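Protein sequences, first through last, are from chains D and U. Last residue of the first sequence: 209 in my numbering, with the numbers rising by one and none dropped. Last residue of the second sequence: 209 in my numbering, with the numbers rising by one and none dropped. Cβ atoms here follow ideal geometry from the backbone N, Cα and C, with glycine treated the same way. Since this is a predicted model, take the numbers as computed values, not measurements.
Protein chains: 2
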Amino acid sequence: MEVKQEPPKTVDRRVQRTQNLLLEALVALIQTTAYDEITVQDIIDRANVGRSTFYSHFLDKDQLLLSGLEKVRVSFEEQHRKLAIGNSLEDKREKVSLAFFTHVETYHQLYKAVLGKRSNPLVTQKLYLYLSGLFRQHLNDPQVEELKVEMPLELAVQFLTGSLLSVVTWWLENNLPYSAEQMNRWFHQLAVLPLISTANPKLWNSGRA
Amino acid sequence: MEVKQEPPKTVDRRVQRTQNLLLEALVALIQTTAYDEITVQDIIDRANVGRSTFYSHFLDKDQLLLSGLEKVRVSFEEQHRKLAIGNSLEDKREKVSLAFFTHVETYHQLYKAVLGKRSNPLVTQKLYLYLSGLFRQHLNDPQVEELKVEMPLELAVQFLTGSLLSVVTWWLENNLPYSAEQMNRWFHQLAVLPLISTANPKLWNSGRA
DNA sequence: AACTTAGTTGAACAGATTGTTCAATAACGG
DNA sequence: CCGTTATTGAACAATCTGTTCAACTAAGTT
Numbered sequence: 001m002e003v004k005q006e007p008p009k010t011v012d013r014r015v016q017r018t019q020n021l022l023l024e025a026l027v028a029l030i031q032t033t034a035y036d037e038i039t040v041q042d043i044i045d046r047a048n049v050g051r052s053t054f055y056s057h058f059l060d061k062d063q064l065l066l067s068g069l070e071k072v073r074v075s076f077e078e079q080h081r082k083l084a085i086g087n088s089l090e091d092k093r094e095k096v097s098l099a100f101f102t103h104v105e106t107y108h109q110l111y112k113a114v115l116g117k118r119s120n121p122l123v124t125q126k127l128y129l130y131l132s133g134l135f136r137q138h139l140n141d142p143q144v145e146e147l148k149v150e151m152p153l154e155l156a157v158q159f160l161t162g163s164l165l166s167v168v169t170w171w172l173e174n175n176l177p178y179s180a181e182q183m184n185r186w187f188h189q190l191a192v193l194p195l196i197s198t199a200n201p202k203l204w205n206s207g208r209a
Numbered sequence: 001m002e003v004k005q006e007p008p009k010t011v012d013r014r015v016q017r018t019q020n021l022l023l024e025a026l027v028a029l030i031q032t033t034a035y036d037e038i039t040v041q042d043i044i045d046r047a048n049v050g051r052s053t054f055y056s057h058f059l060d061k062d063q064l065l066l067s068g069l070e071k072v073r074v075s076f077e078e079q080h081r082k083l084a085i086g087n088s089l090e091d092k093r094e095k096v097s098l099a100f101f102t103h104v105e106t107y108h109q110l111y112k113a114v115l116g117k118r119s120n121p122l123v124t125q126k127l128y129l130y131l132s133g134l135f136r137q138h139l140n141d142p143q144v145e146e147l148k149v150e151m152p153l154e155l156a157v158q159f160l161t162g163s164l165l166s167v168v169t170w171w172l173e174n175n176l177p178y179s180a181e182q183m184n185r186w187f188h189q190l191a192v193l194p195l196i197s198t199a200n201p202k203l204w205n206s207g208r209a
């Protein structure tokens, strides 16, 4: 008996077209309207797509936006990997933020929907969790210099993620007044330097101190 | 002609009662239900208050929550002032965060509604703006040591606010496993130390570097 | 080119929620 | 006790969501 072939990689043109139109419409609307004020009706009007078509592709507005994030994730990971190989940076942790600043610069329209002041916290959180995962990984990496101060690892993770997203959001809302490299340099000075040390690592995992 | 007297301070008991019931209901609901899933109907059912009564007091759910924040703001500012007078802390900036950690510890149920993962970004932002105002004030204060690194003042403000709220959110969602003092010590090590310096201050305000 | 499969359409639908209105009722403060 | 003010509940329009289905149309296949 022949093994069933994998489903063909070629996706129906109509599907591509529809999904692109919907995502483009959402990104376009974001430039003029707050995310929480955009309705599914607005999106399908702009995209010239039927209501039932929308729901046959996405559960809701948020899933559409998340699919957009997913699409560009690949390019972020490429950039991230590239920086890791070059390894020209003093601290490996710095490359997470530089890759992110660069990526936001490229896809700033999309990120406005994710990080804007009236975005859906569930979508923002998805990004937050992704970034915190990267920081956690780096702080755990034995090759990487350890925390200078004694504290729960998770605290440093939340600290880095929160400050990075806050700074990036400010950067976005002021229409990227500085280069990604400059932003990263400043972020590095504020957030990463104090974490670096050659001291013996010791992370706290106990209960209330 | 006599100057018109100020309206009497005594508020009708019924108003007090209703507003307290509504706020208590919201805070109670938050402990079991995500903020964005709570409807006005849920609140008035829990509070045993008529629908029209709710809308005669508040524009919506968010205004109710904000009125709760407003109520406790006084106690925060007292705490903040007390720390400023004592002045036992090395860095004045530290007192903003310590007052905040302490306040969150006291009103953690309320803050869960404001900072929870599915809260309304507009409400969260209100708190964000308040805190960033305090940090901005401190970084501008000539009595306070200036930024060690050259960068836009606003960048440091966003950095501090974002990291503080992120850390506090994590603290809240893990049911306050450490004391407010301990949290503040760690936060100070991560965020405040790198900003302190006796060097000559110079803030950047130019365009793209 | 003809055929089969799969995506799209639009209208109609139920359901939830919001925010308003109003006349009757109840509680307050003086 | 009495005038004033708050509360009530029901009814209401309006908006938005998410689903359904039969007719239609474009895609990929042989």
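Item: Distance cut-off 7 Å: leucine 155 of chain U Cβ against heavy atoms of the ligand COA; Value: Inclusion of the ligand COA in the displayed structure is not the case, the ligand content being empty and no account of it being possible.
Item: In chain order, each alpha helix (DSSP H) run of at least 4 residues that lies wholly inside the stretch 146-174 of chain D; Value: 153-173
Item: Alpha-carbon to alpha-carbon, glutamine 158 of chain U and lysine 117 of chain U; Value: 20 Å
Item: In chain order, each alpha helix (DSSP H) run of at least 4 residues that lies wholly inside the stretch 26-90 of chain D; Value: 40-47, 51-57 and 61-86
Item: Status (buried if at least 16 other CB within 10 Å, exposed otherwise) for serine 56 of chain D; Value: exposed
Item: Nearest-angstrom Cα separation, counted from leucine 134 of chain U out to arginine 14 of chain U; Value: 36 Å
Item: Under 8 Å by beta carbon: chain D residues contacting arginine 118 of chain U; Value: Pro121 and Leu122
Item: Within-8 Å CB hit, threonine 33 of chain D to chain U; Value: no
Item: Residue nearest to lysine 61 of chain U in terms of C-alpha spacing, selected from U:Glu181, U:Glu78, U:Val40 and U:Val72; Value: U:Val40
Item: Leucine 190 of chain D and leucine 115 of chain D closer than 8 Å at C-beta; Value: no
Item: Supposed contact pair lysine 112 of chain U and leucine 66 of chain U - C-beta distance, whole angstroms, cut 8 Å; Value: Rounded, the Cβ-Cβ distance is 15 Å, inconsistent with contact.
Item: Closer than 8 Å to chain D by CB, glutamine 125 of chain U; Value: yes
Item: Residues of the stretch 102-113 of chain D with Cβ closer than 7 Å to any Cβ of chain U, in chain order; Value: none
Item: 8 Å contact criterion, which leucine 160 of chain D and valine 167 of chain U should meet: CB distance rounded; Value: Leucine 160 of chain D to valine 167 of chain U, Cβ: 10 Å. No contact.
Item: Proximity test, Cβ basis, 8 Å: glycine 133 of chain U and chain D; Value: no
Item: Interface residues of chain U facing alanine 156 of chain D [CB-CB closer than 8 Å]; Value: Leu190
Item: Glycine 76 of chain U and histidine 103 of chain U closer than 8 Å at C-beta; Value: The residue you asked about is not glycine; residue 76 of chain U is phenylalanine in the sequence shown. In this structure, histidine 103 of chain U lies closer than 8 Å to phenylalanine 76 of chain U by Cβ.
Item: Interface partners of phenylalanine 159 of chain D on chain U, CB under 8 Å; Value: Ser163, Ser166, Val167, Phe187, Leu190 and Ala191
Item: Sub-8 Å separation of leucine 164 of chain D and serine 97 of chain D beta-carbons; Value: yes
Item: Leucine 22 of chain U and phenylalanine 54 of chain U closer than 8 Å at C-beta; Value: yes
Item: CB contact check: valine 149 of chain U to chain D, cutoff 8 Å; Value: yes
Item: Arginine 184 of chain D, buried or exposed, once every other Cβ within 10 Å from all chains shown has been counted against 16; Value: It should be noted that the sequence gives asparagine, not arginine, for residue 184 of chain D. Asparagine 184 of chain D should be labelled buried.
Item: Nearest to proline 177 of chain D (by Cα), restricted to the options U:Met151, U:Leu176 and U:Asn174; Value: U:Met151
Item: Rounded distance between the beta-carbons of alanine 180 of chain U and glutamate 70 of chain U, thought under 8 Å; Value: 22 Å between Cβ atoms; not a contact.
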